[in-house]
Each structure stands twice: as structure tokens, then as C-alpha cells.
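Enquirer: Heads up: the sequence shown begins at 251 in the working numbering, then just goes up one per residue. Before I ask anything, here is the structure I am working with.
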Amino acid sequence: MDDVRTSADWMAAALDSSGYQADFSPHSLRAVERFMTEQSSSGRAAANGLLATGLGARLFGLGCYVGETIRLSLGGVWAGGDADPASESDVAVRLSGGSVIWPVQRVVKRFQNGPEDSLVVYGVSLGLDLRPHAAPPGDAKPRMGLFRRRGD
């Protein structure tokens, strides 16, 4: 499960450097949703956007970030994925209340289906408090940031 935390941390840094608040707070799922809206549409990455290259790794990283954000807020442990690297999308979070969620699969669904699979609604349905707050200083217009330096 080291890959999950490493990917979540990498994605948080990449999102932050591109103008999206990614501090693992429940409210940061709003920034991830905004990222998905601005960088993709119904299963297609925006041309020359931040998902235009390295799509699989970036969706995995986003899923890890979403899962880690939920896990830190609600308690739980990561499960699965270590035995078969090809099954990265099958990593799950077993929440402290007993529920099991698959955040990487949810991010892929959000990419494919658009806002109807909103990550904000996902977080709220799990019990996170995502009420709007004043926009944090780092929630400005996106820049290319770390995504460009990744070597994709």
C-alpha cells in the first residue's frame, strides 16, 4: 500500500502546484472535482490539458488522493492491490464503520461519465462535511506546475 500513499502525495503536490488546493481536507474534494471539470469531458482529456498525457497514472493518483482524503477523515485502512500490480484500480479503503469503497474506480467513472459521478457528491454521501468555505488562497486559476515536469 506504499504505492497508494506515494501516489496520493505526488498528486497532492501536482494539484497544489497547478492551482488546486490539495491538503487532504474534505473540502479539497471540491478542488479535485473542479480539476476534473476543467481537465476532462465525458471520457476525454482536454486537449493540451493536465490529463492529456499519462492519463492512467494520473487517474490512479487522483483516486489515491480521493481515497486518502476520505480515509483520513473517516478512519480506515487501504486494502488490496499489492498482489497484482495490474489491479491498481481494485485498491479499496475499508472504512472504520465497515464499509468498503473503491476511490480509484470512482475517479475513473467520474472521468468517463462526467459530473453525474461527482466526487463532491461521493464525499458527501460517505458523510464528509464539504460545505462551501471561503476560497483558500491557493485556489486560483490552474497552472501547468508539476504535471509538465513529470516527464510524460
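For each residue, glycine too, the CB sits at the ideal point set by N, CA and C.
1. On a Cα-Cα basis, can you pick out the residue from 283, 309, 363 that is closest to residue 254?
2. Looking at the structure shown, is residue 388 part of a helix, part of a strand, or coil, going by DSSP?
3. If you draw a straight line from the alpha carbon of residue 320 to that of residue 349, how long is it in whole angstroms?
4. Kindly identify the DSSP beta-bridge partner or partners of residue 327.
5. Look at the alpha carbon of residue 368 and the alpha carbon of residue 295, and state the distance between them as a whole number of angstroms.
6. Alpha carbons only, please: which of 281, 356, 286 is nearest the one belonging to residue 313?
7. Could you tell me the boundaries of the alpha helix (DSSP H) in which residue 219 lies?
8. Take the Cβ of residue 297 as the centre, count every other Cβ of all protein chains shown within 10 Å, and call the residue buried at 16 or more, exposed below.
9. Is it buried or exposed for residue 362, if we count other Cβ within 10 angstroms and need 16 for buried?
10. Roughly how many whole angstroms lie between the Cα atoms of residue 289 and residue 252?
Expert: So, from the data block:
1. 309
2. Since pLDDT at residue 388 reaches only 47, below the 50 mark, its modelled position is unreliable, and the value read off the structure follows with that caveat. The answer is coil: DSSP assigns residue 388 none of H, G, I, E or B.
3. Here the alpha carbon of residue 320 sits roughly 12 Å from the alpha carbon of residue 349.
4. Looking at the DSSP assignment, residue 327 forms a beta bridge with 344.
5. 16 Å
6. 356
7. A question about residue 219 goes unanswered here, because the residues of the chain that appear run from 251 up to 402.
8. Exposed.
9. exposed
10. 27 Å
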